[in-house]
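Undergrad:
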Amino acid sequence: MGFFSRLFPGFGRPSSPLFSKSQGNGIWVYLECEKCGEKIKLRLSKSTELQRIEESSPNAFYVRKLVMGEKCFTRIEVQLQFDQSYRIMPDLCEINNGTLLTEQEYEEN
Ligand SMILES: [Zn+2]
Numbered sequence: 365m366g367f368f369s370r371l372f373p374g375f376g377r378p379s380s381p382l383f384s385k386s387q388g389n390g391i392w393v394y395l396e397c398e399k400c401g402e403k404i405k406l407r408l409s410k411s412t413e414l415q416r417i418e419e420s421s422p423n424a425f426y427v428r429k430l431v432m433g434e435k436c437f438t439r440i441e442v443q444l445q446f447d448q449s450y451r452i453m454p455d456l457c458e459i460n461n462g463t464l465l466t467e468q469e470y471e472e473n
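Read left to right, the sequence shown gives residues 365 to 473 (the working numbering).
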């Protein structure tokens, strides 16, 4: 389990796997490159990278980004959506050349 979970038992929702983690002004998202299997930890800035989805109620956020790992030159195109608590909504995300991982999957080797 992550730092916050140890510090604050009950923090987060145990019911759904954590595909993202909110920390200060950042959100961590975990990805795997489909080509080479590299695991990539991506930090998104809430203030500069996330865009509010205007028509959504309650508020939701959107980000689109190209990500490149260090092991190959595959560009992973991510379109991610987050709810008002900055939790990723995996069903609404689209990822080309990669897949979303949970924090646990990222930490495992
Ligand atoms: Zn790769």
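Heads up, the beta-carbon is just placed ideally off N, CA and C, and yes, glycines get one too.
The structure presented is a predicted model; accordingly, all values stated were derived computationally and were not measured.
Examine ligand 1 and report whether any of its heavy atoms sits within less than 8 Å of the Cβ of Thr-438.
TA: Yes, since a heavy atom of ligand 1 falls inside the 8 Å radius drawn around the Cβ of Thr-438.
Undergrad: Output yes or no for whether 9 Å exceeds the beta carbon distance between Val-442 and Leu-382.
TA: The answer is no: Cβ separation not under 9 Å.
Undergrad: Ligand 1 and Cys-457: does any heavy atom of the ligand fall closer than 8 Å to the residue's C-beta?
TA: The answer is no for Cys-457.
Undergrad: Within its chain, find whatever has a CB closer than 8 Å to the CB of Leu-476; leave out the 5 residues flanking it on each side and keep chain order.
TA: Residue 476 falls outside the range modelled here, since the chain spans only 365 to 473, and no answer is possible.
Undergrad: If we call anything under 9 Å between Cβ atoms a contact, is Leu-456 one with Gln-445?
TA: Cβ atoms of Leu-456 and Gln-445: closer than 9 Å.
Undergrad: Return the residue from the list Arg-439, Ile-459, Phe-425 that minimises the CA-CA distance to Thr-412.
TA: Considering only alpha carbons, the answer is Phe-425.
Undergrad: Just the C-alpha distance for Gln-448 and Pro-422, rounded to the nearest angstrom, thanks.
TA: Approximately 7 Å, taken between the alpha carbons.
Undergrad: Sorry if obvious, but does the Cβ on Gly-401 come closer than 8 Å to a heavy atom of ligand 1?
TA: Answer for Gly-401: yes, Cβ within range of ligand 1.
Undergrad: Quick check: does the Cβ of Lys-405 come within less than 8 Å of any heavy atom belonging to ligand 1?
TA: Lys-405 Cβ: outside cutoff for every heavy atom of ligand 1.
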